[in-house]
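Protein sequences, first through last, are from chains A and B. Read in order, the letters of the first sequence are residues 20 to 410 in my numbering. Read in order, the letters of the second sequence are residues 20 to 410 in my numbering. We put the beta carbon where it would ideally sit given N, CA and C, even for glycine. Input: a single structure, listed below in structure tokens.
Protein chains: 2
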Amino acid sequence: MTSAMHYLQVARQCEIAELESLQRTSALVDLIGQLIHALQKERGLCTVYLTGRCEPTTLSAQVQECERRAMQACAGFDALKVPAQGARLFSRIAYVLQGLQALPALRAHIQARQKTPESSAAAFTKLVAGLLAVVFEAADGAADPGISRLLVALFHFMQGKEFAGQERAAGVAAFGAGGEQRQQHWLHLIAAQERCFQVFVEFAPPSLLPLWRAEDAALERLRRVGCTAPADVEPDADMRQTWFDVATRRMEGLHAIETQLAAELLHQCECRIAEAREPLPAADASADFFDTSPGPTTSLGPQLNRSVLELVQEQSQRLQAMQAELEATRATLQERKLVERAKGVLMARRHLSESDAHKLLRQTAMNQGRKLAEVAEAVLAMADLLPPAPI
Amino acid sequence: MTSAMHYLQVARQCEIAELESLQRTSALVDLIGQLIHALQKERGLCTVYLTGRCEPTTLSAQVQECERRAMQACAGFDALKVPAQGARLFSRIAYVLQGLQALPALRAHIQARQKTPESSAAAFTKLVAGLLAVVFEAADGAADPGISRLLVALFHFMQGKEFAGQERAAGVAAFGAGGEQRQQHWLHLIAAQERCFQVFVEFAPPSLLPLWRAEDAALERLRRVGCTAPADVEPDADMRQTWFDVATRRMEGLHAIETQLAAELLHQCECRIAEAREPLPAADASADFFDTSPGPTTSLGPQLNRSVLELVQEQSQRLQAMQAELEATRATLQERKLVERAKGVLMARRHLSESDAHKLLRQTAMNQGRKLAEVAEAVLAMADLLPPAPI
């Protein structure tokens, strides 16, 4: 009979393997953050280019930066281990690759001014959403509660920063052409990023919070001006450039925090792996399993040697507590899952594109004064009542 | 750049690896079911032996059967793959091994009549609980919703059967010596097994339900007689034997269903693996990722070749739907997790043995007319207020 001590060691090996897998995923998340940041800037520059003014050399330099970051991210995909990382993660990666491969054609269309500022921005937004979905799966699949908290903080920060990036492009478009619908969209992006940053503040390690500064006077002034300008006022090109520069400065600030958070994540992985590699304490096998006196885990007096039974029970309780903490952290990801599933239902049943499905959910939530997650839940509950898509 | 198609294949490989891991776990669950059945019978025979009458040869034959089943289960433990199965499962196995190694000493005590019928039964019950915890982890760790449903059905069936086995021993003790406390315990065991079998009926495949017969007239009559006999009535030895035989016949019937359910589980694993091994359909990479027309998954007309993008989106939606279904099934396991964690808190903070912690939870639930899970939740919420254990 293989000894209990052997399986204690095996359980430890499983923990280490899971942590190493998290380490690889965390390294990938860092690379994805860099790629997203580059794509966000390219999106902003393309909007500026399509609304009138942008040095072609500035844009082409950014395209090169994006290509470099994309190659690094692809190397990160290839570095993942099969099957440790799970089917959903690889499925998301397959989606992202389709987007990366379609980028050159998109850029040619933009270059030739065959895109509106909105459709250009929407294309980049779609690709960034795919990349964020990879980060989401990494957060959802993490098996260590501390690292899971960091990934939840980082995912929401990245999602918030992405709304801030969309806001940059939306602001450029609004200062460029005005219009109430554009202003509404802008206000939505402000609200959406604030919700994300709240989750970040809740889950981020306290040591990183001093870096976070929610207030930005210049930004707020420009937001007020842009969101309240009457529709018939002539757009102000200088204002547009000022907005782009302020929003870009903000994005760089957010990116610095994101990079620190990713570094903290990798550091935590290393710490946890080192902890898990500590040898198990010496133990003797004397304690009787069928002894009915009070549980041995409560009698950790000054004795030097614990029994194997005590070690087994300690490990088991530790793993149980970890799982409970993990489930509590993952519950934070629930809202997004509901929204994703509801979008899937609407796409399949009502013949909608992904972004139209999202808009419909958001619009319904705004009209009914309900949370997005509530509307998503209602859609899922009613899924069978929705008419099937005509072929 | 590695192609999207490659990562679609990789996601499939991950699914297959998870299913193969489930297949190994399922084979183990089957072996554990056989071992538990043998231990349950040994527990019953020991109670009969300690209350007066049992051929020593009958008991020693059962001990040999248990040893044989234990060796098979240990071979099943060794056949698991590291780290595919997860730390918690191996931690539970380490606990069980401590119990199996302590069995010979327990048997010597029983042989020498140094145990009461209750303490003998409690020892076997503790070991069986440890084995059921392994099955629980297998159910909780399953990543395929169909197989997870079967494992949830099987776990609850095994847990229900275990309460039925405890009832067999409790009935022998009650017919042997009477007493109101024993009758109360007996009634508790009847209620507990009924809750478990309800979950089984909810999650079992319809094809297996005709095997399940909740009613048993002879059993019900003996239950009534045993649970209502006044405390001062002389115990009836013949009645005790009749009860043991009827309860044993019932256990054999339950075991037959359990075996079928385990076979169905293995069959499902094979089917799902075969499905996942089907080659991916041919696809061309032509569809444009940035095309904003309605989602391609809705336009599956009569065309032969789908685009890679369609395959990617189909796989992604299928995996998302699977995860949602999985989460719904796993929610059924939540009650037990709460109770396990609350027991851990009580053991650590109030210096209680596992069975005393369980009794305290159960007693509190009965006194307050609340569900066990509710009391467990309250204990967890109040954990920090409980005094720490004195050393």
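For a cutoff of 8 Å on Cβ pairs, would you count residue i as touching chain A?
i	result
Val358 of chain B	no
Ile20 of chain B	According to the sequence shown, residue 20 of chain B is Met rather than Ile. So yes, Met20 of chain B belongs to the interface.
Gly160 of chain B	no
Ile112 of chain B	yes
Val29 of chain B	yes
Ala182 of chain B	Strictly speaking, residue 182 of chain B in this sequence is Phe, with Ala absent from that position. It does not: the Cβ of Phe182 of chain B has no partner Cβ on chain A nearer than 8 Å.
Asp163 of chain B	no
Ser305 of chain B	no
Pro102 of chain B	yes
Arg296 of chain B	no
Ala142 of chain B	yes
Ala210 of chain B	no
Gly363 of chain B	yes
Phe109 of chain B	yes
Phe308 of chain B	yes
Tyr26 of chain B	yes
Gln91 of chain B	no
Gly314 of chain B	For Gly314 of chain B, the pLDDT reaches just 46, beneath the cut-off of 50, and the residue's location in the model is therefore unreliable, although a value from the coordinates is still provided. At least one chain A Cβ lies under 8 Å of Gly314 of chain B.
When the cut-off is 8 Å and only beta carbons count, does residue i lie next to chain B?
i	result
Gly95 of chain A	no
Gly63 of chain A	no
Glu329 of chain A	no
Lys145 of chain A	yes
Gly52 of chain A	no
Glu71 of chain A	For clarity, residue 71 of chain A is Gly in the given sequence; the question names Glu instead. Chain B contact via Cβ: absent.
Ala106 of chain A	yes
Tyr68 of chain A	no
Glu34 of chain A	yes
Ala400 of chain A	no
Ala23 of chain A	yes
Glu37 of chain A	yes
At which residues does the alpha helix (DSSP H) containing residue i begin and terminate?
i	result
Leu380 of chain B	373-387
Pro224 of chain B	Here Pro224 of chain B belongs to no alpha helix (DSSP H), and DSSP marks it neither H nor E.
Asp97 of chain B	75-98
Ser139 of chain A	136-160
Asp49 of chain B	23-69
His401 of chain B	A small correction: the amino acid at residue 401 of chain B is Met; His does not occupy that position in the sequence shown. First-last for Met401 of chain B: undefined, no H or E at that position.
Glu346 of chain A	327-349
Leu412 of chain A	Within the shown structure, residues of chain A are numbered from 20 to 410, placing residue 412 of chain A beyond reach of any answer.
Pro123 of chain A	106-130
Ala183 of chain B	164-196
Met20 of chain B	That residue, Met20 of chain B, is in no alpha helix (DSSP H); it is neither H nor E in DSSP.
Gln133 of chain B	Run containing Gln133 of chain B: none; DSSP gives neither H nor E here.
Ala293 of chain A	256-296
Ala301 of chain B	No alpha helix (DSSP H) contains Ala301 of chain B, which DSSP labels as neither H nor E.
Val358 of chain A	353-369
Contact between the segment 50-61 of chain A and the segment 73-93 of chain A (3+ Cβ pairs under 8 Å): yes
Given 8 Å, three or more beta-carbon pairs between the segment 275-283 of chain B and the segment 226-236 of chain B: yes
Selection of the segment 367-396 of chain A by Cβ proximity to chain B, strictly under 9 Å: Ala367, Arg368, Arg369, His370, Leu371, Ser372, Glu373, Ser374, Asp375, Ala376
Interface residues of the segment 235-263 of chain B facing chain A [CB-CB below 9 Å]: none
Three CB pairs or more closer than 8 Å across the segment 191-198 of chain A and the segment 232-239 of chain A: no
Contact the segment 204-213 of chain B vs the segment 144-152 of chain B: 3+ CB pairs below 8 Å: no
Members of the segment 111-130 of chain A that neighbour chain B once the beta carbon cut-off is set at 9 Å: Arg111, Ile112, Ala113, Tyr114, Val115, Leu116, Gln117, Gly118, Leu119, Gln120, Ala121, Leu122, Ala124, Leu125, His128
The segment 156-163 of chain A / the segment 38-46 of chain A touching (three or more Cβ pairs under 8 Å): yes
Proximal residues, the segment 334-353 of chain A versus chain B, C-beta separation under 8 Å: Gln334, Ser335, Gln336, Leu338, Gln339, Ala340, Gln342, Ala343
Inter-stretch contact (C-beta, 8 Å, three-pair minimum) for the segment 125-135 of chain A and the segment 65-78 of chain A: yes
The segment 91-102 of chain B contacting the segment 22-34 of chain A, beta-carbon criterion three pairs below 8 Å: yes
Members of the segment 168-196 of chain B near chain A, C-beta cut-off 7 Å: none
contact_flag[the segment 212-219 of chain B, the segment 376-390 of chain B] where n(CB pairs < 8 Å) is 3 or more: no
Stretch pair the segment 165-183 of chain B + the segment 330-344 of chain A: three plus CB contacts closer than 8 Å: no
Sufficient close CB pairs (3 or more, under 8 Å) joining the segment 355-371 of chain B to the segment 391-405 of chain B: yes
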